[in-house]
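Asks: This is the structure, below, for whatever I ask next.
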Amino acid sequence: MKKLCSLILCAACSTACVDMEYDLSNINTDNIAIGDESSRFEVPLLKVLVSMDELNGTDGDAIDEIFNEADTWLPSQLPNQDENGMYVLVQQLVGNEDYVDHVLSGLLDQMASDSEKLDQVASLLQEKYYDEFSSLLPGVSVEEFKNEFIELYSDNELLRQRLDEKIEELARGYLTGLEVSLPALTYSVDRIDLSDDVVDMLVENLDGKEVSEPKNTLHMAGTIDNRLPVSITASPVFTPTEVAFTAEIEANNDANVLPETRLFADDLQSIVRGLTIEIAVNINKYYPGKGFDRGTIGDEKVQPQLTINLHLIKRGALKFDI
13 MKKLCSLILC
23 AACSTACVDM
33 EYDLSNINTD
43 NIAIGDESSR
53 FEVPLLKVLV
63 SMDELNGTDG
73 DAIDEIFNEA
83 DTWLPSQLPN
93 QDENGMYVLV
103 QQLVGNEDYV
113 DHVLSGLLDQ
123 MASDSEKLDQ
133 VASLLQEKYY
143 DEFSSLLPGV
153 SVEEFKNEFI
163 ELYSDNELLR
173 QRLDEKIEEL
183 ARGYLTGLEV
193 SLPALTYSVD
203 RIDLSDDVVD
213 MLVENLDGKE
223 VSEPKNTLHM
233 AGTIDNRLPV
243 SITASPVFTP
253 TEVAFTAEIE
263 ANNDANVLPE
273 TRLFADDLQS
283 IVRGLTIEIA
293 VNINKYYPGK
303 GFDRGTIGDE
313 KVQPQLTINL
323 HLIKRGALKF
333 DI
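In the working numbering, the protein residues as written are 13 to 334.
Spelled out as structure tokens, the structure:
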């Protein structure tokens, strides 16, 4: 469980009002209201920064390391494409044999015609899978392996067929073993710096769950900046409340909009007193070549891969005591 090292809380001692201006100078009362049922007010809530090293597989490998090898096994021409580029559906790699057959056919075709791809595969085999080829390339040392493999693969068609079978076996084993779901991200927050006065003002006149067409409501909303070359499904749960939502997060996108999630008075009161955020992460699309950036930002701070910004939206009038 991570605490404030990964979670930056945004102070929210005043509302950001998306509404008309009001002149309060001549009001003399113990209780006032600002706005009406058409008004909308926003309050920043919190920001979560997720680094590359927090996005690990179950064996502890970081997400960029997991997909580095996948890059070698995947051909340049992939089955799927959208405005962000060519991609593979990770869940199809894991569970659809025909989909994997199509991908591996493309890999072998590219190795036969593209010397750069052949070099990449040979380097991976030398580094990680040398022992798998002892019977196919007997007497070849580790140091000699790459050059011998490339030469024999290019010049010996009969041996190439046998090498292709072993390559397909290794590639299939790796790609079908990719993790679709990463271990949940967990963050602990002692208290959110939102004053009691602001909390009271936000929850004072909220419509109850029984109201069929509520006018005075409170929602959690926000955005996710995703620098990763993978699209994900993120499902945060905010304990001790029952507040939860699921969002589809596009790859390499700094403006993924989160769904508005309705809150009630006890939800907000519990959240500001301290909470645990647990985020389930499922991987959907992977875009090879888009890169995993481990760079830094000002003062050598590690570049976050996911930036989650959450805020509150209050619809309807605000009521408070002065």
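Every residue, glycine too, gets a C-beta built ideally from N, C-alpha and C.
For Leu324, which of helix, strand or coil comes out of DSSP?
Replies: As a first step, residue 324 is located in the sequence shown; it is residue number 312 there, counting from the start. Three-state result, Leu324: strand.
Asks: Ordered along the chain, which non-local residues of its own chain (more than five positions away) have a Cβ less than 7 Å from that of Leu322?
Replies: Reading the sequence shown from its first residue, position 310 is the one you call residue 322. Only Leu57, Leu58, Met232, Gly234 meet the Cβ criterion.
Asks: Identify the continuous beta strand (DSSP E) that holds Asn238 and give its terminal residues.
Replies: Indexing the sequence shown from 1 puts residue 238 at position 226. Unbroken beta strand (DSSP E) run through Asn238: 229-238.
Asks: Sort Ile295, Glu290, Ala246, Thr251 by Cα distance to Leu270 and report the nearest one.
Replies: Residue 270 sits at position 258 when you count from the first residue of the sequence shown. Nearest option by C-alpha distance: Ala246.
Asks: Can you list the beta strand (DSSP E) stretches of 3 or more residues lying completely in the region 169-246, in chain order?
Replies: 193-201, 229-238
Asks: Give, in chain order, every unbroken run of the alpha helix (DSSP H) that is at least 4 residues long and sits entirely within the region 89-153.
Replies: 102-107, 109-125, 127-140
Asks: According to the neighbour-count rule (16 or more other Cβ atoms, all chains shown, within 10 Å of its Cβ), is Ala263 buried or exposed?
Replies: As a first step, residue 263 must be located in the sequence shown, where it is residue number 251. Around the beta carbon of Ala263, 16 or more other beta carbons lie within 10 angstroms, which makes this residue buried.
Asks: Quick one: residues in its chain with C-beta nearer than 7 Å to the C-beta of Thr188, no 5 flanking neighbours on either side, listed in chain order?
Replies: Residue numbering aside, residue 188 sits at position 176 when the sequence shown is read from its first letter. Around Thr188: Leu105, Val106, Val112.
Asks: Report the partner residues of Tyr298 according to the DSSP bridge assignment.
Replies: As a first step, residue 298 is located in the sequence shown; it is residue number 286 there, counting from the start. Answer is Val100, Val242.
Asks: Is it buried or exposed for Ala329, if we count other Cβ within 10 angstroms and need 16 for buried?
Replies: Position 317 of the sequence shown, counted from the start, is the residue given in the question as residue 329. With 16 or more Cβ atoms within 10 Å of its Cβ, Ala329 is classed as buried.
Asks: Measuring straight from C-alpha to C-alpha, what distance separates Glu156 and Leu120?
Replies: Looking up residue 156 in the sequence shown gives position 144. Looking up residue 120 in the sequence shown gives position 108. When rounded, the distance between both Cα atoms is 22 Å.
Asks: Roughly how many whole angstroms lie between the Cα atoms of Gln122 and Pro87?
Replies: Numbered from its first residue, the sequence shown carries residue 122 at position 110. Numbered from its first residue, the sequence shown carries residue 87 at position 75. Gln122 and Pro87: Cα-Cα distance of roughly 7 Å.
Asks: Measuring alpha carbon to alpha carbon, tell me which of Trp85, Ser63, Thr84 ends up nearest Ile75.
Replies: Here residue 75 corresponds to residue number 63 of the sequence shown, with the count starting at 1. The candidate whose alpha carbon is nearest that of Ile75 is Ser63.
Asks: Put Glu163 into one of helix, strand or coil per three-state DSSP.
Replies: Looking up residue 163 in the sequence shown gives position 151. DSSP places Glu163 in helix when its eight states are reduced to three.
Asks: Buried or exposed, going by whether 16 or more other CB atoms sit within 10 Å of the CB of Arg239?
Replies: As a working note, residue 239 is residue 227 in the sequence shown. The residue is buried, with at least 16 neighbouring Cβ atoms inside 10 Å.
Asks: List the DSSP bridge partners of Leu61.
Replies: In the sequence shown, counting from the first residue as 1, residue 61 sits at position 49. Note: Leu61 sits in a beta bridge opposite Thr319.
Asks: Please work out which residues of its chain come closer than 6 Å, Cβ to Cβ, to Thr229, disregarding the five sequence neighbours upstream and downstream, and give them in chain order.
Replies: Stepping through the sequence shown from its first residue, residue 229 is reached at position 217. Here the set comprises Arg327.
Asks: Quick check: what's the CA-CA separation for Val55 versus Leu324?
Replies: Taking the sequence shown and counting its residues from 1, the one referred to as residue 55 is at position 43. Taking the sequence shown and counting its residues from 1, the one referred to as residue 324 is at position 312. Straight-line Cα distance between these residues: approximately 5 Å.
Asks: Once DSSP output is grouped into helix, strand and coil, what is the label at Asp266?
Replies: The residue labelled residue 266 in the question sits at position 254 within the sequence shown. If DSSP states are grouped into helix, strand and coil, Asp266 belongs with the strands.
Asks: So Pro252 and Leu287 are in contact, right, with Cβ under 8 Å, and what is the actual spacing, rounded?
Replies: Locating residue 252 in the sequence shown gives position 240, where the first residue counts as 1. Locating residue 287 in the sequence shown gives position 275, where the first residue counts as 1. Rounded, the Cβ-Cβ distance is 7 Å, consistent with contact.
Asks: Under 8 Å, do Glu290 and Val249 count as touching if we go by C-beta distance?
Replies: Residue numbering aside, residue 290 sits at position 278 when the sequence shown is read from its first letter. Residue numbering aside, residue 249 sits at position 237 when the sequence shown is read from its first letter. Yes, the Cβ-Cβ distance between Glu290 and Val249 is below 8 Å.
Asks: Let's test the definition: count the other Cβ atoms within 10 Å of the Cβ of Asp279 and tell me whether it reaches 16, buried, or not, exposed.
Replies: Stepping through the sequence shown from its first residue, residue 279 is reached at position 267. Sixteen is the threshold: when 16 or more other Cβ atoms of the shown chains lie within 10 Å of the Cβ of Asp279, as they do, the residue is buried.
Asks: Hey, how far is the Cα of Val242 from the Cα of Asp48?
Replies: If you number the sequence shown from 1, residue 242 lands on position 230. If you number the sequence shown from 1, residue 48 lands on position 36. Whole-angstrom Cα-Cα distance: 43 Å.
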